[in-house]
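Protein chains: 2
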Amino acid sequence: MKKNYLLTPGPTPLPPQVCEALARPIIHHRTPQFQAILKEAVEGLKYVFQTKSDVFILSSSGTGAMEAAVANLLSSGDTAITVEGGKFGERWTELCSAYGVHSEIIKVEWGKAVTVEQIRSQVAGRRSQVKAVFVTLCETSTGVTNDIKAIAEVIKNTDTVLVVDAISGLGVIDLKTDEWAVDVVVSGSQKGLMLPPGLGFISISEKAWKLIEASKSPRYYFDLRAAKKAWGQADTPFTTPVSLVVALNTALKMLKEEGLENVFTRCRKMAEAVRAAASALGLKLYADASCASDAITAINVPSGLDGEKLVKTMRDIYGVTIAGGQAQLKGKSFRIATMGYINEFDIILALSCLEKVLYQMGYKFELGIGVRAAQEVFLK
Amino acid sequence: MKKNYLLTPGPTPLPPQVCEALARPIIHHRTPQFQAILKEAVEGLKYVFQTKSDVFILSSSGTGAMEAAVANLLSSGDTAITVEGGKFGERWTELCSAYGVHSEIIKVEWGKAVTVEQIRSQVAGRRSQVKAVFVTLCETSTGVTNDIKAIAEVIKNTDTVLVVDAISGLGVIDLKTDEWAVDVVVSGSQKGLMLPPGLGFISISEKAWKLIEASKSPRYYFDLRAAKKAWGQADTPFTTPVSLVVALNTALKMLKEEGLENVFTRCRKMAEAVRAAASALGLKLYADASCASDAITAINVPSGLDGEKLVKTMRDIYGVTIAGGQAQLKGKSFRIATMGYINEFDIILALSCLEKVLYQMGYKFELGIGVRAAQEVFLK
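Top to bottom, those sequences are chains A and B. Under my numbering, think of the first position of the first sequence as 28, with each following residue one higher. Under my numbering, think of the first position of the second sequence as 28, with each following residue one higher.
As structure tokens, this is what we get:
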């Protein structure tokens, strides 16, 4: 008997209630019944996004929502700042480039967060020149969380719009969209929101709407002006993924019942437990301690060990799926997600599987010491 | 007790097997396990698309796949022909316009099909000038099927590429992509493919790839070059809607087991039954008899009757959801879908509900005469 456990940074495990919602007979999307579901979904998303601004549901992955941000806010020839500290930061640059937007890249060493000084020196005194700053809340490839609050503080009184990729951070770590003055937040369904992939989300501040109305970039499917117009009739411009939206309401209800603060605490404790276990096992974290994410932890593969084999053995022999290293970290790190429908005992089992495979691969450590370190964190 | 019956042109009813597949625990998309699922899905799609060319799965609605066609094939300043005989034909023009493509519009009277002569006179002698012709297989808003085989015959030996919106026709009525030489076919998941909305599909001929490589339109999320590159590793460029793809394989297996020809026959018979019933009830079809679609039948609301009330009563009182009229046909027509997981007895029940509500609304006819006309078709 092989049981499967998922500790990847999207898709995250589906709660049984969500599975049940996905399996319901489908209803037509242009009915009062579905309009009520859509309204409930948008209200629930506003709670998770911590915003009173517009939030739109797109039929796309998170990258589609990222493209919606770039294509709607900017025009060819505009200048924007992109923060590249990992694979997903680079995606902002690639998107800008696809739309002819000149991006001034802030290169951040992988494993570190962008500093407020880097942002300030790039933005200061150039109010109308830099139309948007694109950053990543949680850089999934490195396990780093950027300090969005501090970055927003620098930008909020300028004409520049702040856009945050919160695909793997939303509903996992705190992001006070309105309070911190974040203009645009994009996310997806398959991480903190405990759904299959297939929905993209985007919130838009009043300040951002001004850029959207001025943008000349070609867009149709992701045109947020059309989304706003349709939303006036509680509708979407194009057919929406009905089943995923129905299941979204189930997931949002779970998040609301747990309470966003409690969700953040749960995820933080799990990440602390993973970090404590890694430390006890003599493993090094990839991210700087100062910016280690509570959504995902990247751990360096000990020298001499085959990182890809480690991940494959855990998954294919024992059914415990964690993520390997991405891009330049392939084979050199592995990543354990602490987001979505995962709780402390899932972390314990994943760590015990990690220990088992490390042991079998010949890595020297005292069996149980990582699990115990995690238990201690959870007991506190 | 109210039971719900769906006879709308997308979403169509979900088979219980598909519901079950949607409810399965999710798996990670970058695993050998999911790669095998993806390969099976693409093979199955090729069967339904009747092509040996590339078919890509997009995380989008059908309109996203339409945008992928326009953005990948054409550049700003190019000229294309769009055929407008209903709301979805107009969407091609809108998409071209969004990307700065000059579209020469062939206006077709609603309810009629475009003629081969209209296409020929617009394309003839202008080989390199017109880069693409955009048509609709089944125009859902009017219940018209265009003669794609004849249109393709005109275009296949030119440099022009033929793009067909088969969103509501694929897996319902015949479309021999390779045999007829259709270059690009776009579709979606929620019609003939018996799935929830959320997947877009697009097939690309060798001839179309040449245009794609030359296009200068901004694109990233829908960039088919990236999709092709990823597919080399049995992957998608961005996270794919795992659950929908798993369920897609269930639906494709059902289509394969029934056999495409049998599916077409089933849908044609159901549409014939609807047309026969309408005729027996003294109701007029909106589409010309010569081009009435076997995927959906639009029926004119008898004068003096409130068409919106008819549709609402059937849905809200009796649980039978058919579609009302779209755009300029709002309140003036209603539409019964004969696509996807619908069989003859579903048509009978829908017609009996239609008769009941027509009767209650004071329309004069012999009760049962429509149902009986349909039964006769099914007995043949």
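Glycine included, each C-beta is placed from N, C-alpha and C at the ideal position.
Collapsed DSSP secondary structure at residue i in the structure displayed
| i | result |
| --- | --- |
| A:Arg147 | helix |
| A:Ala64 | Position check: residue 64 of chain A holds Ile in this sequence, whereas Ala was assumed. A:Ile64 falls in the helix class under three-state DSSP. |
| A:Lys183 | coil |
| A:Asn276 | helix |
| B:Leu312 | strand |
| B:Ser379 | helix |
| B:Asp192 | strand |
| A:Leu287 | helix |
| A:Gly170 | coil |
| B:Phe397 | The question names Phe, but residue 397 of chain B in the sequence shown is Gly. DSSP places B:Gly397 in helix when its eight states are reduced to three. |
| A:Phe265 | coil |
| B:Ala208 | coil |
| A:Val82 | strand |
| B:Phe372 | helix |
| B:Ile54 | coil |
| A:Arg246 | coil |
| A:Thr90 | helix |
| B:Val199 | coil |
| A:Ile363 | strand |
| B:Gly71 | helix |
| A:Tyr386 | helix |
| B:Leu101 | coil |
| B:Thr35 | coil |
Residue i beta carbon near the ligand GTP (any heavy atom closer than 7 Å)
| i | result |
| --- | --- |
| A:Glu403 | As far as ligands go, the structure on display features none, and thus does not contain the ligand GTP. |
Rounded separation between residue i and residue j - CA only
| i | j | result |
| --- | --- | --- |
| A:Glu335 | A:Gln355 | 13 Å |
| B:Ala96 | A:Ile231 | 28 Å |
| B:Glu285 | B:Leu279 | 10 Å |
| A:Gly326 | B:Tyr74 | According to the sequence displayed, residue 326 of chain A carries Ile and not Gly. So the alpha carbons of these two residues sit roughly 44 Å apart. |
| B:Arg246 | B:Thr292 | 39 Å |
| A:Ile182 | A:Trp236 | 16 Å |
| B:Ser148 | B:Thr109 | 14 Å |
| B:Ala401 | B:Ala303 | 6 Å |
| A:Pro264 | A:Leu100 | 19 Å |
| A:Phe61 | B:Ser379 | 25 Å |
| A:Val347 | A:Leu381 | 9 Å |
| A:Ala300 | A:Thr277 | 28 Å |
| A:Lys383 | B:Ala274 | 35 Å |
| B:Gln387 | A:Ala254 | 38 Å |
| A:Leu406 | B:Met281 | 51 Å |
| B:Ile54 | A:Arg153 | 46 Å |
| A:Asn370 | A:Tyr313 | 23 Å |
| A:Gly104 | A:Gly170 | 33 Å |
| A:His129 | A:Cys123 | 7 Å |
| A:Leu164 | A:Ser244 | 25 Å |
| B:Ile131 | B:Lys30 | The question names Ile, but residue 131 of chain B in the sequence shown is Glu. About 47 Å. |
| B:Ala241 | A:Trp258 | 37 Å |
| B:Gly71 | B:Lys283 | 8 Å |
Please determine if the stretch 197 to 212 of chain A and the stretch 316 to 329 of chain A are in contact, where contact requires at least 3 C-beta pairs separated by less than 8 Å. yes
Taking a cut of 7 Å between CB atoms, which residues from the stretch 108 to 127 of chain A lie near chain B? Glu121, Leu122, Ala125, Tyr126 and Gly127
Pair every Cβ in the stretch 218 to 225 of chain A with every Cβ in the stretch 267 to 275 of chain B, then say whether three or more of these pairs are closer than 8 Å. yes
Anything in the stretch 245 to 272 of chain A with a Cβ closer than 7 Å to a Cβ of chain B? List those residues in chain order, please. Pro245, Arg246, Tyr247, Tyr248, Phe265, Thr266, Thr267, Pro268, Val269, Ser270 and Leu271
Is the stretch 172 to 192 of chain B in contact with the stretch 338 to 346 of chain B, if contact means three or more CB pairs nearer than 8 Å? no
Per the contact definition of three or more C-beta pairs closer than 8 Å, is the stretch 172 to 189 of chain B in contact with the stretch 153 to 160 of chain B? yes
I want to know whether the stretch 48 to 66 of chain A touches the stretch 31 to 42 of chain B - three or more CB-CB distances under 8 Å. yes
Runs of alpha helix (DSSP H) wholly within the stretch 109 to 160 of chain A (minimum 4 residues, chain order): 114 to 125 and 143 to 150
Select from the stretch 277 to 298 of chain B all residues with a C-beta closer than 9 Å to any C-beta belonging to chain A, and list them in chain order. none
Are the stretch 165 to 185 of chain B and the stretch 132 to 150 of chain B touching, with three or more C-beta to C-beta distances below 8 Å? yes
Tell me which residues of the stretch 172 to 201 of chain B have at least one Cβ-Cβ distance to chain A shorter than 7 Å, keeping chain order. none
Would you check if the stretch 286 to 306 of chain B and the stretch 360 to 374 of chain B touch, i.e. whether three or more CB-CB distances between them fall below 8 Å? yes
Only counting runs of 4 or more residues, tell me where the alpha helix (DSSP H) segments fall wholly within the stretch 320 to 345 of chain B, in order along the chain. 334 to 339
Along the stretch 345 to 369 of chain B, where does the CB come closer than 9 Å to a CB of chain A? Name the residues. Thr348, Ala350 and Gly351
What residues from the stretch 329 to 342 of chain A come within 8 Å of chain B, judged by C-beta to C-beta, listed N to C? Arg342
Tell me whether the stretch 306 to 317 of chain B and the stretch 387 to 401 of chain B touch, counting them as touching only if at least three CB pairs, one residue from each stretch, are closer than 8 Å. yes
With a threshold of 8 Å, are at least 3 pairs of Cβ atoms found where one atom belongs to the stretch 76 to 85 of chain B and the other to the stretch 203 to 213 of chain B? yes
Please give the ranges of any alpha helix (DSSP H) in the stretch 212 to 239 of chain B, keeping only runs that are unbroken, at least 4 residues long and fully inside the region. none
The stretch 368 to 384 of chain B: which residues have C-beta closer than 7 Å to a C-beta of chain A, in chain order? none
Interfacial residues, the stretch 128 to 143 of chain A to chain B, with Cβ spacing under 8 Å: none
The stretch 142 to 165 of chain B: which residues have C-beta closer than 8 Å to a C-beta of chain A, in chain order? none
Which of the residues in the stretch 216 to 249 of chain A, read from start to end, lie with their CB under 7 Å from any CB of chain B? Gln217, Pro223, Pro224, Gly225, Ser244, Pro245, Arg246, Tyr247 and Tyr248
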